[in-house]
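Reading through the structure tokens given below for one structure.
Residue numbers (this note's numbering): 1 to 142.
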């Protein structure tokens, strides 16, 4: 079974988290999603997440990594893949340098980001992550 990573890059603004979505090029589907990729042995989830984030966006400076302790399985072209999820927080919106896999990017608040996501598993993942981030944010403000 292949191991994959999904990474939601986010920053906190005055209304809560804003999420980065990437648009895959038309040959790869043309849909919006977070950073994704394969975990290369002997990487652990965090190493794979930060490598994929750098490869797909050019982002290497971050505030923290959040583990929502969420994973799911997908069938990718006949190959079963276990997808682990992490989120990476940045202080402010960094410059994004897209890889060849993507043609555009956008920063969006939760509801708009959720509406842009193509796959149900991406929406479920964002729902879980957002609930954790909002809870953390409210605790920090209190």
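Note that the Cβ used here is the ideal one computed from N, Cα and C, for glycine as well. On a predicted model such as this, the values are computed, not experimentally measured, just so you know.
| Check | Outcome |
| --- | --- |
| Assigned secondary structure, residue 127 (DSSP; H/G/I helix, E/B strand, else coil) | helix |
| Residue 90 and residue 21 closer than 8 Å at C-beta | no |
| Pick from 11, 29, 7 that is closest to residue 53, judged by C-alpha positions | 7 |
| Sheet register partners of residue 107 (DSSP bridge) | 20 |
| Option in 119, 36, 59, 83 with minimal Cα separation from residue 70 | 83 |
| Identity of the residue in 35, 45, 88 nearest residue 55 by Cα | 35 |
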